[in-house]
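J.: Got a structure here, written out as structure tokens. Questions coming.
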Amino acid sequence: MFRTFLIKYGEIAIKGKNRHLFEEALVRQIRHALSKVDGEFTVTREQGRIYIDCESEYDYEETVEALQRVFGIVGICPVMKVEDRGLDELGSDVIRFLEQVYEDHSQTFKVLTRRAKKTYPIESMEVNSELGGRILDAFPDMRVDVHDPELLIHVEIRDMIYIYSKIIPGPGGMPVGTSGRAMLLLSGGIDSPVAGYMIGKRGVVIDAVYFHAPPYTSDRAKQKVVDLAKLVARYTGPIRLHVVNFTDIQLYIYEKCPHDELTIIMRRYMMMIAERFAALDGSMALITGESIGQVASQTIQSLAVTNEVCKLPVFRPLIGFDKQEIVEVAKKIDTFETSILPYEDCCTIFVAKHPVTKPNLKVIQRSECKLQEKIDEMVETAVESAETICVE
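Quick note, the working numbering runs 12 ahead of the 1-based positions in the sequence shown.
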């Protein structure tokens, strides 16, 4: 029965003079999300609200699911939209709403009116009282409970009047495209897709780089990462995924450097290469899925040594999360089942048996001096030969 959705947002409301820019970005993201849903939709904004009118037949569940992946939305309200024909007719509309939406008419309820149209001749409290009386007359088994009602009936009085009782939670955050662009180091694990999701939720456009190591990693491992990028892109919008052949660099490091330092040195070169792609794409930061103490390369000392090669800021949104917290988010955004598929990525293939957990920067730099003969040329080759996949 619902032909209109009222969209509520949170942080955007406190953006002052720039608020309209964030609202426009949110409207664009809503239109993009609905472009993938069957049906015709009109998206408009006015007075701190965004409205979606369904102009044709549409799938309600599919539409709500698409909107629940739009960052910036905090509430999705299926509404009955009616014209202002006076309080008596409004009472009839509310009764009709309850008849059509609910089979059980024995709940406790409360009417909450918001009179955004200040020229409306009746105060909100009076509207609440009048509508509550009409509901009690129509449904004698219903009872008023102003403190803890089972059913909260919202009435918003604007140029049109909107009646609703359900607020479906959205993902929150800020609309994608309002906070710049960043480069995600995406692996086939659980953590990095979650990190990309969380930074995307703050309005950042996400691109990604994946380090592939054929023949030590298979095409299935690469496809797994592409699939993860697609799942993240449902929230963040299209992602440019750069697939870098990292095999020669890894083998060279393996040959020349102490094996307990392999993880740190490889990670440093991954960060360097990721910065190269960040510069090409206009990204202003890197994103990783690292969490303090989770593995040897994620101790504070290791992170400090890794950071030393970076000129760009490195965002680590999972830094204080434990594994179960990360898994919970991964399940919520549907990346978990793909992440645990048993296809190795390049990091796990070359991991040392006893990696250094408290690396010394000067020692690591001395080890890297053994790579000077070929490493710059190999990095250049890896960047130039990378495959770029546009993922949506």
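Note that beta-carbon positions come from the ideal geometry of N, C-alpha and C, so glycine has one too. Owing to the predicted nature of the structure, the values given are computational and were not obtained by experimental measurement.
Whole angstroms is fine: what's the gap from Leu274's alpha carbon to Gly249's?
T.: The alpha-carbon atoms of Leu274 and Gly249 are separated by roughly 35 angstroms.
J.: Please give me, in chain order, every unbroken run of the alpha helix (DSSP H) with length at least 4 that falls completely inside the stretch 155 to 243.
T.: You should have 203 to 212.
J.: Is Asp65 helix, strand or coil when you go by DSSP?
T.: In the structure shown, Asp65 sits in a strand (DSSP, three-state: E or B).
J.: For Ile147, which three-state DSSP category applies?
T.: DSSP places Ile147 in helix when its eight states are reduced to three.
J.: Is it buried or exposed, Val82, if we count other Cβ atoms within 10 angstroms and call 16 or more buried?
T.: Buried is the call here.
J.: Could you tell me the alpha carbon to alpha carbon distance between Arg31 and Thr190, rounded to whole angstroms?
T.: Roughly 11 angstroms separates the two Cα atoms.
J.: On the DSSP bridge assignment, give the partners of Glu58 in chain order.
T.: For Glu58, which the question treats as bridged, DSSP gives the partners Arg61.
J.: Check for me: the beta strand (DSSP E) holding Gly87 runs from which residue to which?
T.: 85 to 94 is the span of the beta strand (DSSP E), which, as asked, contains Gly87.
J.: Per the contact definition of three or more C-beta pairs closer than 8 angstroms, is the stretch 217 to 229 in contact with the stretch 251 to 263?
T.: Counting Cβ pairs under 8 angstroms, three or more are found: they touch.
J.: Hey, quick one: how far does the beta strand (DSSP E) through Lys129 stretch, first residue to last?
T.: Unbroken run through Lys129: none, as it is neither H nor E.
J.: By a C-beta neighbour count over all protein chains shown, 10 Å radius and 16 as the cutoff for buried, is Arg126 buried or exposed?
T.: Its Cβ having fewer than 16 others within 10 Å, Arg126 is exposed.
J.: For the alpha helix (DSSP H) holding Glu287, just list the boundary residues, first then last.
T.: Segment 274 to 293, the alpha helix (DSSP H) holding Glu287.
J.: Looking only at its own chain, which residues have a Cβ that is under 7 angstroms from the Cβ of Ile277, when we skip the five neighbours before and after it?
T.: These residues qualify, in order along the chain: Ile265, Cys269, Ile376, Ser379, Glu380.
J.: Could you tell me whether the stretch 107 to 117 touches the stretch 66 to 77, using the rule of 3 or more Cβ pairs below 8 angstroms?
T.: They do not touch, by the three-pair rule.
J.: How many Å lie between His224 and Val317 at the Cα?
T.: The alpha-carbon atoms of His224 and Val317 are separated by roughly 23 angstroms.
J.: So which of Tyr247, Asp96, Ile24, Met390 has the shortest CA-CA distance to Pro183?
T.: Nearest of Tyr247, Asp96, Ile24, Met390 to Pro183, Cα basis: Tyr247.
J.: Go ahead and pull the three-state DSSP assignment for Phe333.
T.: Here Phe333 sits in coil by DSSP.
J.: Under 8 angstroms between the Cβ atoms of Phe289 and Met195?
T.: Contact: yes.
J.: Per DSSP, what are the beta-bridge partners of Val326 in this structure?
T.: DSSP, once it has assigned bridges, lists Leu298 as partnering Val326.
J.: Classify Thr131: buried if its beta carbon has 16 or more other beta carbons within 10 angstroms, exposed otherwise.
T.: Classification for Thr131: exposed.
J.: How far does the beta strand (DSSP E) with His254 in it extend, from its first residue to its last?
T.: Here the beta strand (DSSP E) through His254 covers 251 to 257.
J.: May I ask you to report which of helix, strand or coil DSSP gives Val368?
T.: Note: Val368 maps to coil in three-state DSSP.
J.: For Thr369 and Ala207, what's the separation of their Cα atoms in angstroms?
T.: Approximately 23 angstroms between the Cα atoms of the pair.
J.: DSSP state of Tyr21, grouped into three classes?
T.: Reduced to three states, the DSSP call for Tyr21 is strand.
J.: On a Cα-Cα basis, can you pick out the residue from Ala342, Met283, Ile62 that is closest to Thr321?
T.: The sequence given here has Val at residue 321, not Thr. Residue Met283 is the option with its Cα nearest to Val321.
J.: Can we say the stretch 143 to 158 touches the stretch 51 to 66, given the rule of at least three CB pairs closer than 8 angstroms?
T.: Short answer: they don't touch.
J.: Give the range of the alpha helix (DSSP H) segment to which Val39 is assigned.
T.: Per DSSP, Val39 belongs to the alpha helix (DSSP H) from 31 to 46.
J.: Looking at the unbroken beta strand (DSSP E) that takes in Glu429, where does it start and where does it end?
T.: Here the chain has residues from 13 to 404 only, and residue 429 is not among them.
J.: Please name the residue or residues paired with Phe53 in a DSSP beta bridge.
T.: Phe53 pairs with Cys66.
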